[in-house]
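For reference, the structure is listed below as structure tokens.
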Amino acid sequence: NEQNGHMLQIFVRRRFLDDIAYASAPYGDVDSTRHPISKWLGGDAATHYGQARVVANPTTFLSDKCVRMYSAHSDPEFHANRGQFQLELIKLLRPLLGEGKTRERVATTLYGGVLPAWWKDDAS
147 NEQNGHMLQI
157 FVRRRFLDDI
167 AYASAPYGDV
177 DSTRHPISKW
187 LGGDAATHYG
197 QARVVANPTT
207 FLSDKCVRMY
217 SAHSDPEFHA
227 NRGQFQLELI
237 KLLRPLLGEG
247 KTRERVATTL
257 YGGVLPAWWK
267 DDAS
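For our numbering, add 146 to where a residue sits in the sequence shown, where the first one is 1.
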């Protein structure tokens with residue numbers, strides 16, 4: 147198929163924005179004229195230019211109360227089969243990710259020793 151485009155949308159709750167994103171110059175240096183990024187995006191300044199970087203902090207990205215991500219593909223067949231692809235990928239990665247207790251121990255460490263109330267092991 148000749149349709150080969152991917153799109154990833156990342157939605158971040160405003161109160162977490164400055165924790166995981168920053169306005170950047172080319173090659174990733176902080177653009178101090180637009181820092182913090184929440185002030186720049188929330189103000190009256192033009193937002194049609196510039197770059198930003200998102201740092202995929204696991205403690206933020208694991209919670210749908212902080213970040214939501216959506217993806218799409220220009221090929222309808224690829225997009226329709228994405229769920230099956232994810233299941234197959236999980237099956238391949240499961241031996242590398244360890245057992246449920248291992249994942250829980252890692253998550254507990256990420257969250258400073260206490261699992262959040264919403265935590266559940268998706269593999270169970």
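Glycine residues also receive a C-beta, built at the ideal position from the N, C-alpha and C atoms. If you're wondering where the values come from, they're calculated on a predicted model, not measured in any experiment.
(request) Below 6 Å CB to CB, which residues in the same chain sit around Q155 once its five sequence neighbours on both sides are set aside? (result) The answer, listed in chain order, is Y216.
(request) Have a look at F224 and H152 and give me their C-alpha separation to the nearest angstrom. (result) If I take the Cα positions, the gap works out to 10 Å.
(request) Tell me whether H282 sits in a helix, a strand or coil according to DSSP, three-state version. (result) Outside the modelled stretch of the chain, which goes from 147 to 270, sits residue 282, for which no answer is possible.
(request) State yes or no: is the C-beta of I183 within less than 8 Å of the C-beta of L163? (result) Yes.
(message) Can you tell me where the alpha helix (DSSP H) holding S184 begins and where it ends?
(response) Element bounds for S184: 183-188.
(request) Apply the 10 Å Cβ neighbour rule to A226 and answer buried if 16 or more other Cβ atoms are within range, or exposed otherwise. (result) With fewer than 16 other CB atoms across the displayed protein chains lying within 10 angstroms of its CB, A226 is exposed.
(request) Entirely within the region 210-260 and at least 3 residues each: give me those beta strand (DSSP E) ranges in chain order. (result) Complete beta strand (DSSP E) runs here, min 3: 213-219.
(request) Determine the contact status of P204 and L242, defining contact as a CB-CB distance below 8 Å. (result) Against a cut-off of 8 Å, the Cβ pair of L242 and P204 comes out as no contact.
(request) Work out the CA separation of A167 and R180 for me, nearest whole Å. (result) Each residue's Cα considered, the two are about 12 Å apart.
(message) Assuming F207 is part of the beta strand (DSSP E), what are its boundary residues?
(response) It is not in any beta strand (DSSP E) - F207 instead sits in the alpha helix (DSSP H) that spans 204-207.
(request) Compute the Euclidean distance between the alpha carbons of E234 and Y195, then round it to the nearest angstrom. (result) Approximately 39 Å between the Cα atoms of the pair.
(message) Only counting the same chain, and skipping five residues up and downstream in sequence, which positions put a Cβ closer than 7 Å to that of W265?
(response) Take W265, set aside five residues on each side of it, and the residues of its chain with a beta-carbon closer than 7 Å to its own are A253, in chain order.
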